[in-house]
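Residue numbers (the numbering used here): 3 to 240.
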């Protein structure tokens, strides 16, 4: 157990030195928050009640879908995995440590947004913070699950970038964080519901923590666990 915790702590420190993860988990999301937060609340003052949730959805989606997958492909798409085998380390260890480290990074970014939004933009804090942070943790977990699947199944870095963008952009544009989802045509609204962003957004809203908004995120996470387990088994047999 101590060696596992050491591995998670070590991965977290390595991530802090990673320029790509620093950009996708901290720099870009926080710059987007600082710029767009003021624009949203100026153009649509009523967005102050949902600004925190909107900025968090964008931050988590970017970190999970664009930040995590390249780290996984660097490990499992190279000879690094052979080092695990040679030293008797479980093949899934890298995935678990990167997953937990990314979770911590995204949670830190989200906490910064929660703390600064009311001060900078007079945004409204969630009324039930315990349920809000529970919903946030569930949303981060399911999003990282999708990011893990992308990083393990797409073998080419160029293809991974393209696929990640194809998942990331609809997650943001069709989730309801930029404009009310009711304004979208029915078929676009249906497409938006495929991605966890729209579910996570509704789950984090006040009085949004209910099974109706929760079940899909749970399904996504367990489906990702199954896919990752299958891929890990194949990696072990190679």
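Backbone N, C-alpha and C define an ideal beta-carbon position, used for all residues, glycine too.
- Ignore the nearest five residues each way along the sequence and tell me which others in residue 183's own chain have a CB closer than 8 Å to its CB. Walking along the chain shown from the start, residue 183 turns up at place 181. Shown here for residue 183: same chain residues with a beta carbon closer than 8 Å to its own, the five before and five after excluded, namely 176, 177, 191, 194 and 200 in chain order.
- Query: At a cut of 8 Å, does the segment 155–172 reach the segment 114–123 through at least three beta carbon pairs?
  - Reply: Result no; under three Cβ-Cβ pairs closer than 8 Å.
- Message: On the criterion of 16 or more Cβ atoms from any shown chain inside 10 Å, does residue 111 qualify as buried, or is it exposed?
- Response: Here residue 111 corresponds to residue number 109 of the chain shown, with the count starting at 1. Buried, by the Cβ-count rule.
- Message: Please report the distance separating the alpha-carbon of residue 236 from that of residue 211.
- Response: Looking up residue 236 in the chain shown gives position 234. Looking up residue 211 in the chain shown gives position 209. Going by the C-alpha atoms only, they are around 37 Å apart.
- What runs of the alpha helix (DSSP H), each 4 residues or longer, lie entirely inside the segment 109–180? Within the segment 109–180, the complete alpha helix (DSSP H) runs of at least 4 residues are 131–155 and 159–175.
- Query: Is the beta carbon of residue 145 less than 7 Å from the beta carbon of residue 72?
  - Reply: Along the chain shown, one-based indexing puts residue 145 at 143. Along the chain shown, one-based indexing puts residue 72 at 70. Taking a C-beta distance under 7 Å as the contact criterion, residue 145 and residue 72 do not qualify as a contact pair.
- Message: Please classify residue 209 as buried or exposed, where buried requires at least 16 neighbouring CB atoms within 10 angstroms.
- Response: Sequence index remark: in the chain shown, residue 209 carries index 207 (1-based). Result: exposed.
- Under the three-state reduction of DSSP, which class applies to residue 224: helix, strand or coil? Here residue 224 refers to the residue found at position 222 of the chain shown. Of the three classes helix, strand and coil, the one that applies to residue 224 here is helix, per DSSP.
- Under 6 Å Cβ to Cβ from residue 1, same chain only, skipping five residues before and after it: list those, please. There is no way to answer for residue 1, as the model of the chain reaches only from 3 to 240.
- Message: For the alpha helix (DSSP H) containing residue 62, name the first residue and the last one.
- Response: Within the chain shown, numbered from 1, the residue matching residue 62 stands at position 60. Going by DSSP, residue 62 is part of the alpha helix (DSSP H) stretching over 53–64.
- Would you report the Cα separation of residue 70 and residue 56, rounded to the nearest angstrom? Position 68 of the chain shown, counted from the start, is the residue given in the question as residue 70. Position 54 of the chain shown, counted from the start, is the residue given in the question as residue 56. Distance between the alpha carbons of residue 70 and residue 56: 21 Å.
- Query: Are residue 2 and residue 99 touching if we call contact CB-CB under 7 Å?
  - Reply: The requested residue 2 is not part of the displayed model; the chain covers only 3 to 240.
- Message: For residue 211, report the span of its alpha helix (DSSP H) as first-last.
- Response: Residue mapping note: residue 211 aligns to position 209 of the chain shown, counting from 1. Run containing residue 211: none; DSSP gives neither H nor E here.
- Query: Are there 16 or more other CB atoms within 10 angstroms of the CB of residue 44, so buried, or fewer, so exposed?
  - Reply: Mapped onto the chain shown, residue 44 falls at position 42. Flag for residue 44 reads exposed.
- Selection from 207, 67 and 233 that minimises the alpha carbon distance to residue 25: By one-based count along the chain shown, residue 25 stands at place 23. Nearest option by C-alpha distance: 67.
- Query: Which residue from 74, 37 and 52 puts its Cα closest to that of residue 181?
  - Reply: Translated into the one-based positions of the chain shown, residue 181 becomes position 179. Per the C-alpha coordinates, the member of 74, 37 and 52 positioned closest to residue 181 is 52.
- Start-to-end residues for the alpha helix (DSSP H) that takes in residue 33: As a working note, residue 33 is residue 31 in the chain shown. From DSSP, the alpha helix (DSSP H) with residue 33 extends over 30–45.
- Item | residue 232, buried or exposed, once every other Cβ within 10 Å from all chains shown has been counted against 16 | Stepping through the chain shown from its first residue, residue 232 is reached at position 230. Residue 232 should be labelled exposed.
- Message: Measuring alpha carbon to alpha carbon, tell me which residue in 196, 105, 130 and 129 is nearest residue 64.
- Response: Residue 64 sits at position 62 when you count from the first residue of the chain shown. Nearest C-alpha to residue 64: 105.
- Task: Please go through the same chain and pick out, in chain order, the residues whose beta-carbon is closer than 6 Å to the beta-carbon of residue 94, but skip the five residues on each side of it.
- Result: As a position in the chain shown, residue 94 is number 92, starting the count at 1. The answer, listed in chain order, is 234.
- Message: Out of 47, 149, 92 and 40, which one is the CA nearest neighbour of residue 62?
- Response: Translated into positions along the chain shown, residue 62 becomes position 60. It is 149 whose Cα lies nearest to the Cα of residue 62.
- Task: Using beta-carbon positions only, say whether residue 50 and residue 125 come within less than 7 Å of one another.
- Result: Translated into the one-based positions of the chain shown, residue 50 becomes position 48. Translated into the one-based positions of the chain shown, residue 125 becomes position 123. With contacts defined as CB atoms closer than 7 Å, residue 50 and residue 125 qualify as a contacting pair.
- Three-state secondary structure assigned by DSSP to residue 93: For the purposes of this step, residue 93 is taken as residue 91 along the chain shown, with counting starting at 1. Three-state DSSP puts residue 93 in coil, outside helix and strand.
- Could you spell out the range, first to last residue, of the alpha helix (DSSP H) harbouring residue 188? Taking the first residue of the chain shown as 1, we reach residue 188 at position 186. First-last of the alpha helix (DSSP H) with residue 188: 188–194.
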